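Peer 1: Before I ask anything, here is the structure I am working with.
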Amino acid sequence: VKRKCRSSKRLRTSKPPTTSVQGRRKQVKPPPRKIRKGCDPPDIGPSDAAEFYKLYLLLNQVITGITQNSVSRVKAHNLADTIEMFLRAYIRMSYVISHDPSSYDREEERTWSTLQPKFHFLTHYPTMMMKHGPLMALSSFRFESKNKQLKTGLRNSFNNINTPFSAAKKEQYHLNHLFFHNQLPSKDDEFGKMRIVTDLSELNEVASSLNVDSSFIRHITRVTTYDGVLFKPGYFVCFDLNNRGLPEFMKIVNLYVDLRTRETYFKGENYITYMFSTHFQAYEVETLSYHSYYQLSNRRYPFP
Numbered sequence: 001v002k003r004k005c006r007s008s009k010r011l012r013t014s015k016p017p018t019t020s021v022q023g024r025r026k027q028v029k030p031p032p033r034k035i036r037k038g039c040d041p042p043d044i045g046p047s048d049a050a051e052f053y054k055l056y057l058l059l060n061q062v063i064t065g066i067t068q069n070s071v072s073r074v075k076a077h078n079l080a081d082t083i084e085m086f087l088r089a090y091i092r093m094s095y096v097i098s099h100d101p102s103s104y105d106r107e108e109e110r111t112w113s114t115l116q117p118k119f120h121f122l123t124h125y126p127t128m129m130m131k132h133g134p135l136m137a138l139s140s141f142r143f144e145s146k147n148k149q150l151k152t153g154l155r156n157s158f159n160n161i162n163t164p165f166s167a168a169k170k171e172q173y174h175l176n177h178l179f180f181h182n183q184l185p186s187k188d189d190e191f192g193k194m195r196i197v198t199d200l201s202e203l204n205e206v207a208s209s210l211n212v213d214s215s216f217i218r219h220i221t222r223v224t225t226y227d228g229v230l231f232k233p234g235y236f237v238c239f240d241l242n243n244r245g246l247p248e249f250m251k252i253v254n255l256y257v258d259l260r261t262r263e264t265y266f267k268g269e270n271y272i273t274y275m276f277s278t279h280f281q282a283y284e285v286e287t288l289s290y291h292s293y294y295q296l297s298n299r300r301y302p303f304p
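Numbering-wise (UniProt numbering), the sequence shown opens with residue 1 and increments by one.
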């Protein structure tokens with residue numbers, strides 16, 4: 001039995017790599033980026049690799065045109081032409097792959113209904129550029145008429161980098177609550193599992209910072225929901241802007257509950273913001289050595 005196991009192991013390890021086997025059978029479809037950089041030999045790719053590469057180059061041109069810092073009419077017209085070429089190449093390549101290439105006819109290109117462009121919103125970018133300037137400073141998140149309240153809430157947030165993420169979280173929470181309880185969530189605080197705070201020094205520190213009676217803030221919770229938004233320790237909250245117009249962040253450490261008034265207070269770890277990195281699309285921050293206490297309902301920006 002031992003000899004059989006050793007021989008089977010040798011057979012398994014002596015098999016050629018899967019990539020080389022697929023390469024001999026002409027089944028490998030190397031990404032256009034690897035073909036361009038020479039990481040993969042293009043001769044093992046399919047015959048339509050040139051179409052993939054052309055589509056990749058057009059997409060790069062579209063991204064370059066969208067993320068430019070300055071706008072002019074010439075750039076907007078060039079972007080519109082590039083987007084049209086990209087969508088036509090996308091439809092043509094998909095049609096050729098899914099149908100008989102010999103049936104391809106340019107005269108019937110507009111009558112195809114097998115595949116529609118998945119980047120329809122790109123067609124509106126040149127017009128938006130001429131109206132509002134560079135699109136780097138705008139949110140491309142679109143709203144339907146049924147999401148007017150959500151749109152109003154998101155307008156209160158000055159930072160639109162994670163706006164779609166915050167909106168998606170709130171929308172998903174509403175859908176889940178509607179599915180399980182057959183009603184929308186209430187706007188009152190909803191608390192998770194709570195425990196009693198036994199450290200009197202901690203309670204006195206919270207009460208003195210918030211100017212409230214420590215006898216009522218006796219419970220701490222792991223999670224709370226306010227206005228349909230979930231908050232829990234570890235989430236970052238933006239409370240104000242500094243003198244340079246950059247956001248001031250706080251990381252939630254603990255959530256305290258006053259069951260008498262059903263108010264939620266939190267202990268936050270303070271951060272100082274240095275700059276916004278356009279490369280990482282994020283803020284560069286540093287932790288400060290002190291904590292602050294705030295009332296959750298008094299936050300300036302609604303989303304964590």
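All C-beta atoms in this analysis are idealised placements derived from N, C-alpha and C, irrespective of residue type, glycine included.
The structure displayed is predicted, hence computed values, not measured ones.
Is the Cβ-Cβ distance between Phe231 and Leu255 less than 8 Å?
Peer 2: Cβ atoms of Phe231 and Leu255: closer than 8 Å.
Peer 1: State the Cα-Cα distance for the pair Ala207 and Ala282, rounded to the nearest angstrom.
Peer 2: For Ala207 and Ala282, the distance between alpha carbons rounds to 34 Å.
Peer 1: So, using beta-carbon positions, are Val253 and Ile220 closer together than 8 Å?
Peer 2: Contact: no.
Peer 1: Output the distance between the C-alpha atoms of Met130 and Pro233, rounded to the nearest integer angstrom.
Peer 2: Looking at the two C-alpha atoms, the distance is approximately 43 Å.
Peer 1: Give, in chain order, every unbroken run of the beta strand (DSSP E) that is at least 3 residues long and sits entirely within the stretch 213-256.
Peer 2: Counting only runs of 3 or more, we get 217-221, 224-226, 229-231 and 236-241.
Peer 1: Taking all protein chains shown into account, do 16 or more other C-beta atoms lie within 10 angstroms of the C-beta of Ile217, making it buried, or fewer, making it exposed?
Peer 2: Classification of Ile217: buried, given that the 10 Å Cβ count is 16 or more.
Peer 1: Residues in the same chain with beta-carbon distance under 7 Å from Thr123, minus the five sequence neighbours each way, listed in chain order, please.
Peer 2: Cβ within range, chain order: Ile83.
Peer 1: Quick one, which of Phe52, Ala80, Met194 and Asn69 has its alpha-carbon nearest Ala89's?
Peer 2: Looking at the Cα atoms, Phe52 is the closest of the given residues.
Peer 1: In this structure, how does DSSP classify Gln295 when only helix, strand and coil are distinguished?
Peer 2: It is a strand residue.
Peer 1: Do Leu296 and Thr273 count as a contact pair if the criterion is CB distance below 8 Å?
Peer 2: Result no, Cβ atoms of Thr273 and Leu296 do not sit closer than 8 Å.
Peer 1: Mind checking which residues open and close the beta strand (DSSP E) that includes Asn270?
Peer 2: Where Asn270 is concerned, the enclosing beta strand (DSSP E) stretches over Glu263 to Ser277.
Peer 1: Along the alpha helix (DSSP H) that carries Ser201, what are the first and last residues, could you check?
Peer 2: Looking at the DSSP string, the run of the alpha helix (DSSP H) that includes Ser201 is Leu200 to Leu210.
Peer 1: How many Å lie between Tyr56 and Glu284 at the Cα?
Peer 2: Tyr56 and Glu284: Cα-Cα distance of roughly 32 Å.
Peer 1: Measuring only the C-alpha atoms, how far is Glu263 from Lys75?
Peer 2: Between Glu263 and Lys75, the C-alpha separation is close to 53 Å.
Peer 1: Grab the span of the beta strand (DSSP E) containing Arg195 for me, first residue to last.
Peer 2: Note, Arg195: beta strand (DSSP E), Met194 to Ile196.
Peer 1: If you draw a straight line from the alpha carbon of Gln61 to that of Asn211, how long is it in whole angstroms?
Peer 2: About 57 Å.
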